[in-house]
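Numbering (our numbering), first residue to last: 1 to 258.
Just so it is clear, CB atoms sit at the ideal spot from N, CA and C, and this is done for glycine as well.
Notes for the one structure printed next.
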Amino acid sequence: MSQPQTGERVSDVLALFISDLHLQPAHPATSEAFFDFLERHARRAQQLYLLGDLFEFWAGDDDIGDAFNQQIIAALRSVVDAGTRVYWIGGNRDFLVGTGFAEAAGLTLLPETYVTEIGGQRLVLLHGDAQCTEDVKYMEFRAMVRQPAYQQQFLAMPLAQRKAIIAGMRENSRSEQGGKSYEIMDVTPQAIGDVFAQTGTDIMIHGHTHRPALHRVGATRRYVLPDWEPDATPPRGGWIAIDGNGAITRHDLSGAVI
Ligand code: MN
């Protein structure tokens, strides 16, 4: 990676990365912060990557007509229409997003582990839940719900029934884990090492764990995105950016480099 030299013009932002906004009508401050980020930052970037759990839950693409979902779709579409390419990797909350949503928002669905090159840097992108391998119960649940046959059966239920099932699962998750969600688990070094080895990369960006950080292990760099809760004390949220020189920076909600 070449650092910008004195007097050299630093190129525009090539790509922005966010995850774990958990957008929901009950948290309007998060939606406002998201719209502000889209207007002030994403609109000026070449690419925007949504790395999972943009939504608190997604019951199926036939819920696109919901008024709250319509607001989010319109905001994304506006950024796409301004010329930013938008990409999506589903999280454990919104893995049911499909081609109907993608077409409505104008974004491109990516596989759950995605290797790309941006600003001369080869990197691997993922949500991060599949690497929390010590959470055996969650890994069993994940294996079940990621099966196409399971999803077909679930999506064949009436929308109201699906929403009731999801609400029950969210309530169970809260009560079983003492008020915490399954994001309490962290990724394991073994699972992260496997991703680096299998993809031949040494830079990773993921979310899910709500433990924003930059971890340097050997020659590898692993950037973890924050979750968003701008009205918490202290406020949580922010993004990662890659500029034209391949420099990777972490930003808080104000846009300041951290
Ligand atoms: Mn997650």
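**Request:** With a cut-off of 8 Å on the beta carbons, I'd call methionine 144 and tyrosine 138 a contact; round off their distance for me.
**Result:** Not a contact, Cβ separation roughly 11 Å.
**Prompt:** Is any heavy atom of the ligand MN found at a distance shorter than 7 Å from the C-beta of asparagine 69?
**Reply:** no
**Message:** Just to confirm before moving on: does the CB-CB distance between leucine 109 and valine 86 stay below 8 Å?
**Reply:** no
**Request:** Give a single yes or no on whether glycine 52 has its beta carbon closer than 7 Å to a heavy atom of the ligand MN.
**Result:** yes
**Asked** Given aspartate 252, which residues of its chain have a CB within under 6 Å of its CB, disregarding the five upstream and five downstream residues?
**Response** Gly238, Ile258
**Opening and closing residue of the beta strand (DSSP E) in which valine 124 lies** = Where valine 124 is concerned, the enclosing beta strand (DSSP E) stretches over 121-126.
**Prompt:** What residue does the beta strand (DSSP E) around threonine 116 start on, and which one ends it?
**Reply:** 113-118
**Prompt:** Beta carbon of arginine 221: closer than 7 Å to some heavy atom of the ligand MN?
**Reply:** no
**Asked** For the candidate residues Val115, Asp243, His215, whose alpha-carbon lies nearest to that of threonine 199?
**Response** Val115
**Request:** Please list, in chain order, all residues of the same chain as glutamine 121 whose beta carbon is under 8 Å from its beta carbon, the five residues on each side excluded.
**Result:** Met1, Ile203, Ile242, Gly246, Ile248
**Asked** Sorted by chain position, which residues of the same chain lie with C-beta nearer than 7 Å to alanine 33's C-beta, five sequence neighbours on each side aside?
**Response** Residues Trp228, Pro230, Gly237, Leu253 of the same chain have their beta carbon placed closer than 7 Å to that of alanine 33, with the five preceding and five following residues left out of the count.
**Item:** Proximity test, aspartate 20 beta-carbon vs the ligand MN heavy atom, cut-off 7 Å
**Value:** yes
**Request:** Look at the alpha carbon of alanine 67 and the alpha carbon of glycine 207, and state the distance between them as a whole number of angstroms.
**Result:** 27 Å
**Prompt:** Within 7 Å: the Cβ of asparagine 92 and any heavy atom of the ligand MN?
**Reply:** Here the distance from the Cβ of asparagine 92 to the nearest heavy atom of the ligand MN is below 7 Å.
**Item:** Span separating the alpha-carbon of arginine 211 from that of arginine 170
**Value:** 21 Å
**Item:** Nearest to alanine 219 (by Cα), restricted to the options Gln152, Leu123, Leu16, Lys163
**Value:** Leu123
**Message:** I'd like to know whether the C-beta atoms of arginine 162 and alanine 59 end up nearer to each other than 8 Å.
**Reply:** yes
**Prompt:** Are any of the Cβ atoms in chain B nearer than 8 Å to that of arginine 222?
**Reply:** Here chain B cannot be found, since the structure has a single protein chain.
**Prompt:** leucine 21: which of Asp194, Ala45, Gly52, Pro189 sits nearest, CA to CA?
**Reply:** Gly52
**Item:** Straight-line Cα distance separating arginine 77 from proline 234
**Value:** 31 Å
**Message:** Can you list, in chain order, the residues of its chain with a C-beta nearer than 7 Å to that of threonine 209? Leave out the 5 residues immediately preceding and following it.
**Reply:** Exclusion of the five residues before and after threonine 209 leaves Gly128, Glu183, Asp186, Val187, Val224 as the residues of its chain whose Cβ lies within less than 7 Å of its Cβ.
**Asked** Under the rule that 16 or more other beta-carbon atoms within 10 Å means buried, what is glycine 179, buried or exposed?
**Response** Residue confidence is low: glycine 179 scores 46 on pLDDT, short of 50, so the model does not pin down where it sits. Its coordinate-derived value is still stated next. An exposed status is given to glycine 179, since fewer than 16 other beta-carbon atoms sit within 10 Å of its beta-carbon.
**Message:** Once DSSP output is grouped into helix, strand and coil, what is the label at isoleucine 73?
**Reply:** helix
**Request:** With DSSP collapsed to three states, give me the class of arginine 222.
**Result:** Of the three classes helix, strand and coil, the one that applies to arginine 222 here is strand, per DSSP.
**Message:** Since aspartate 63 and asparagine 69 should fall inside the 8 Å C-beta cutoff, what is the C-beta to C-beta distance between them, to a whole number of angstroms?
**Reply:** 6 Å
**Asked** Where do the ends of the beta strand (DSSP E) carrying glutamine 47 lie?
**Response** Unbroken beta strand (DSSP E) run through glutamine 47: 47-50.
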